[in-house]
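S.K.:
There are 2 protein chains.
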Amino acid sequence: MNEEFSKEEKDGFYKAVFSRRDVRSHFTSRSIDEEIIMKILKAAHHAPSVGFSQPWNFILIKDNKTKKKIKESFEKEREHSAKLVEEPRRSKYLSFKLEGIIDAPVNICVTYDPSKFGPFVIGRTAIPETGVYSVCCAVQNLWLASRTEGVGVGWVSILSNDVLKRVLDLPEHVTPIAYLCLGYVEQFAKKPDLETARWLPRLDLKDVVYYEKWNQKQNPDWNKIEELIRTNIDYA
Amino acid sequence: MNEEFSKEEKDGFYKAVFSRRDVRSHFTSRSIDEEIIMKILKAAHHAPSVGFSQPWNFILIKDNKTKKKIKESFEKEREHSAKLVEEPRRSKYLSFKLEGIIDAPVNICVTYDPSKFGPFVIGRTAIPETGVYSVCCAVQNLWLASRTEGVGVGWVSILSNDVLKRVLDLPEHVTPIAYLCLGYVEQFAKKPDLETARWLPRLDLKDVVYYEKWNQKQNPDWNKIEELIRTNIDYA
Numbered sequence: 386m387n388e389e390f391s392k393e394e395k396d397g398f399y400k401a402v403f404s405r406r407d408v409r410s411h412f413t414s415r416s417i418d419e420e421i422i423m424k425i426l427k428a429a430h431h432a433p434s435v436g437f438s439q440p441w442n443f444i445l446i447k448d449n450k451t452k453k454k455i456k457e458s459f460e461k462e463r464e465h466s467a468k469l470v471e472e473p474r475r476s477k478y479l480s481f482k483l484e485g486i487i488d489a490p491v492n493i494c495v496t497y498d499p500s501k502f503g504p505f506v507i508g509r510t511a512i513p514e515t516g517v518y519s520v521c522c523a524v525q526n527l528w529l530a531s532r533t534e535g536v537g538v539g540w541v542s543i544l545s546n547d548v549l550k551r552v553l554d555l556p557e558h559v560t561p562i563a564y565l566c567l568g569y570v571e572q573f574a575k576k577p578d579l580e581t582a583r584w585l586p587r588l589d590l591k592d593v594v595y596y597e598k599w600n601q602k603q604n605p606d607w608n609k610i611e612e613l614i615r616t617n618i619d620y621a
Numbered sequence: 386m387n388e389e390f391s392k393e394e395k396d397g398f399y400k401a402v403f404s405r406r407d408v409r410s411h412f413t414s415r416s417i418d419e420e421i422i423m424k425i426l427k428a429a430h431h432a433p434s435v436g437f438s439q440p441w442n443f444i445l446i447k448d449n450k451t452k453k454k455i456k457e458s459f460e461k462e463r464e465h466s467a468k469l470v471e472e473p474r475r476s477k478y479l480s481f482k483l484e485g486i487i488d489a490p491v492n493i494c495v496t497y498d499p500s501k502f503g504p505f506v507i508g509r510t511a512i513p514e515t516g517v518y519s520v521c522c523a524v525q526n527l528w529l530a531s532r533t534e535g536v537g538v539g540w541v542s543i544l545s546n547d548v549l550k551r552v553l554d555l556p557e558h559v560t561p562i563a564y565l566c567l568g569y570v571e572q573f574a575k576k577p578d579l580e581t582a583r584w585l586p587r588l589d590l591k592d593v594v595y596y597e598k599w600n601q602k603q604n605p606d607w608n609k610i611e612e613l614i615r616t617n618i619d620y621a
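Going down the list, the protein sequences come from chains A and V.
Numbering-wise, the working numbering comes out as the position in the first sequence, counting from 1, plus 385.
Numbering-wise, the working numbering comes out as the position in the second sequence, counting from 1, plus 385.
Pasting the structure below:
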């Protein structure tokens, strides 16, 4: 295999990045073939991990009884969190569809098991959180791979981890990191739902980049740079 | 743009996933053009984030004085961690090259700022760690995008976050999540270094997948599935 990426290969990669969405609506009932799920999970499994510890597991959930218990937890947590925001944002918040637990044919809980290949894991001693960070990298691989397969993914984080642990029989030392809803979708939105709803704007790239130290800006010619890095992908 | 991915587009994406490596050696001194760095950071900035909070910042570091301070922290932490592992693994551990801080022309510290668009962030109330998880997704986008551009990335986690915060002038409420070394490389290894060195083996996919509950296996025909999802990428 050629080490270098052709223009077409790069375009394929960037298309996945820029057209990936957090999907909560528009799931169809079409089931996902086992081989597609496994292809997606293989991409996840080839994420980087601290000290090559591969500390992730993927629990595939299709049972409606389980999904209903998770959905109940969502509803309870949503109600609780709504109390933390004032009107008129509260009503707007409550109007959003924020999960597709039942609609999506497959749910996947991605977990972190710190005991895997432990206790000494290279690179995890000074910053123990890097174990969890590895699992998040796997989630992002899963998400992007799903997009290339036409499968939408929604990450539901309005949940109780205690409920997840109990319902999925997780051992005490295992932490649920992500609860994902997967399914084919009628469409992928052009922009994130919360951007379209004017809940929050997309930040400019130049506002998240610093030079040498926190808050230190250089003055490169941003207009020129933005012109150069403009992709031909209208989702971007 | 067509919603579906062509075979070529998918192949480009999976090539990035399976040929991405954590790079510590073989950096060349060739500098990275500003537009390539910004293209990579744009991919990072289009990661998913909880409640669209985009809580990341990217600090680009080229100053050798800064790199040397970080390198000192690495050396101190490596010495400390070596005490946690017994011989003969200790000597093997100490023989590995685990960072390219000085060799790589660009270092990037990726940080988490929980105050961005806060305090109420949709989806972050029940599981506050999801803010950090978003930053990790951005790191993975950065890593994959770098690979498509021929740029190697090494994540150095044998570091003191206190030193990072002091050296980079991070405010108290901001957390360093990843310290990355970027540069063009002579080659990307076919397998992870720690796999090649027989430090740890790659787990089989079937050993990280459960069904419905923790530790519950189904018995799909794994040989058949592995045949179906075999890619034409020999790195995989």
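C-beta: ideal position from N, C-alpha, C; glycine also.
Select from the stretch 588-600 of chain A all residues with a C-beta closer than 7 Å to any C-beta belonging to chain V, and list them in chain order.
M.R.: So the list reads 588, 590, 593, 594, 595, 596, 597, 598, 599, given in the order they occur along the chain.
S.K.: Less than 9 Å between the beta carbons of residue 407 of chain V and residue 536 of chain V, yes or no?
M.R.: No, the pair does not count as a contact, with Cβ atoms beyond the cut-off.
S.K.: Please report the Cβ distance between residue 466 of chain A and residue 543 of chain A, rounded to the nearest whole angstrom; I am assuming they are in contact, meaning their Cβ atoms lie under 8 Å.
M.R.: That pair is a contact at about 6 Å.
S.K.: Can you tell me whether residue 394 of chain A is buried or exposed? The criterion is at least 16 other CB atoms within 10 Å of its CB, across all chains shown.
M.R.: Residue 394 of chain A should be labelled buried.
S.K.: Let me make sure I understand the geometry here. Which of V/515, V/456, V/531 has the alpha-carbon closest to that of residue 423 of chain V?
M.R.: Ranking V/515, V/456, V/531 by Cα distance to residue 423 of chain V puts V/531 first.
S.K.: For the stretch 429-453 of chain V, which residues have a CB atom closer than 8 Å to at least one CB atom of chain A, in sequence order?
M.R.: Flagged, chain order: 430, 431, 432, 433, 435, 436, 437, 438, 439, 441, 442, 443, 444, 445, 446, 447, 448, 451.
S.K.: Can you tell me where the beta strand (DSSP E) holding residue 567 of chain V begins and where it ends?
M.R.: Where residue 567 of chain V is concerned, the enclosing beta strand (DSSP E) stretches over 560-569.
S.K.: Please say whether residue 599 of chain V and residue 451 of chain A have beta carbons closer to each other than 9 Å?
M.R.: Going by C-beta atoms, residue 451 of chain A is not nearer than 9 Å to residue 599 of chain V.
S.K.: Which two residues bound the contiguous beta strand (DSSP E) that contains residue 442 of chain A?
M.R.: Looking at the DSSP string, the run of the beta strand (DSSP E) that includes residue 442 of chain A is 441-446.
S.K.: Quick one: list the residues of chain A neighbouring residue 605 of chain V, beta-carbon separation under 7 Å, in chain order.
M.R.: 419, listed in chain order.
S.K.: Determine the DSSP secondary structure at residue 592 of chain A, reduced to helix, strand or coil.
M.R.: Residue state, collapsed to three classes: helix.
S.K.: May I ask which residues mark the beginning and end of the beta strand (DSSP E) holding residue 537 of chain A?
M.R.: 536-540 is the extent of the beta strand (DSSP E) around residue 537 of chain A.
S.K.: Any Cβ of chain A within less than 9 Å of the Cβ of residue 466 of chain V?
M.R.: At least one chain A Cβ lies under 9 Å of residue 466 of chain V.
S.K.: Assuming contact is defined by CB atoms lying nearer than 9 Å, are residue 444 of chain A and residue 597 of chain V in contact in what I supplied?
M.R.: Yes; because the gap between Cβ atoms is below 9 Å, this pair is in contact.
S.K.: Do you know how far the Cα of residue 589 of chain A is from the Cα of residue 492 of chain A?
M.R.: Taking the straight line joining both Cα atoms gives about 33 Å.
S.K.: Flag this pair as yes or no: are the beta carbons of residue 502 of chain A and residue 474 of chain V separated by less than 9 Å?
M.R.: Not closer than 9 Å, so no.
S.K.: Can you find a C-beta in chain A that's less than 9 Å from the C-beta of residue 566 of chain V?
M.R.: With 9 Å as the cut-off, residue 566 of chain V does not count as an interface residue toward chain A.
S.K.: From residue 433 of chain V to residue 574 of chain A, what distance separates their C-alpha atoms?
M.R.: Cα to Cα, the separation comes out at about 14 Å.
S.K.: Starting from residue 610 of chain V, follow its DSSP beta bridges and name the residues at the other end.
M.R.: The partner list for residue 610 of chain V (beta bridge, DSSP) is empty, contrary to what the question assumes.
S.K.: Identify, in the order they occur along the chain, each residue of the same chain with its Cβ nearer than 7 Å to the Cβ of residue 413 of chain A, setting aside the five sequence neighbours on each side.
M.R.: So the list reads 568, 569, 570, 571, once near-sequence residues are dropped.
S.K.: Would you mind giving the Cβ-Cβ distance between residue 517 of chain A and residue 562 of chain A, rounded to the nearest angstrom? I have them listed as a contact below 8 Å.
M.R.: Contact flag correct, Cβ pair sits at about 6 Å.
S.K.: Anything in chain V within Cβ reach of residue 554 of chain A, meaning under 7 Å, just list it in chain order.
M.R.: Here the neighbours are 598, 599.
S.K.: What residues of chain V sit near residue 608 of chain A, judged by a beta carbon separation below 7 Å?
M.R.: Going along chain V, no residue has its Cβ under 7 Å from residue 608 of chain A, so there is no contact; the nearest lies around 12 Å.
S.K.: Report the residue ranges of all alpha helix (DSSP H) runs contained in full by the stretch 408-468 of chain V; include only those spanning at least 4 residues, in chain order.
M.R.: As far as the stretch 408-468 of chain V is concerned, its whole alpha helix (DSSP H) runs of at least 4 residues are 419-430, 449-467.
S.K.: Check the Cβ of residue 408 of chain A against every Cβ in chain V and list those closer than 7 Å, keeping chain order.
M.R.: Within chain V, no residue comes near residue 408 of chain A; the closest Cβ sits about 11 Å away, beyond 7 Å.
S.K.: State yes or no: is the C-beta of residue 399 of chain V within less than 9 Å of the C-beta of residue 511 of chain A?
M.R.: Cβ distance not < 9 Å, so residue 399 of chain V and residue 511 of chain A don't count as in contact.
S.K.: Which residues, in chain order, does the stretch 473-484 of chain A contribute to contact with chain V at a C-beta distance below 9 Å?
M.R.: Hits within the stretch, in order: 474, 478, 481, 483.
S.K.: Could you name each continuous beta strand (DSSP E) segment of 3 residues or more that falls completely within the stretch 506-540 of chain V, going from the start of the chain to the end?
M.R.: Runs found: 536-540.
S.K.: Nearest to residue 507 of chain V by alpha carbon, out of A/455, A/494, A/469?
M.R.: Of the listed residues, the one whose Cα sits closest to residue 507 of chain V is A/469.
S.K.: Judging by CA-CA distance, which residue of V/442, V/437, V/566 is the nearest neighbour of residue 515 of chain V?
M.R.: It is V/437 whose Cα lies nearest to the Cα of residue 515 of chain V.
S.K.: Take residue 391 of chain V and list the residues in its own chain whose beta-carbon comes closer than 7 Å to its own, dropping the five residues that flank it on each side.
M.R.: Correct list: empty, nothing qualifies.
S.K.: Would residue 511 of chain V count as contacting chain A if we go by Cβ distances under 9 Å?
M.R.: So, interface residue.
S.K.: Does residue 530 of chain A come within less than 9 Å of chain V when only Cβ atoms are used?
M.R.: Closer than 9 Å to some Cβ of chain V, the Cβ of residue 530 of chain A qualifies, so yes.
S.K.: In chain A, which residues lie less than 8 Å from residue 545 of chain V when you measure between Cβ atoms?
M.R.: Those within 8 Å of residue 545 of chain V in chain A are 511.
S.K.: Can you find a C-beta in chain A that's less than 9 Å from the C-beta of residue 563 of chain V?
M.R.: Closer than 9 Å: yes.
S.K.: Cβ closer than 8 Å: which chain V residues qualify as neighbours of residue 486 of chain A?
M.R.: Simply none; closest approach about 14 Å.
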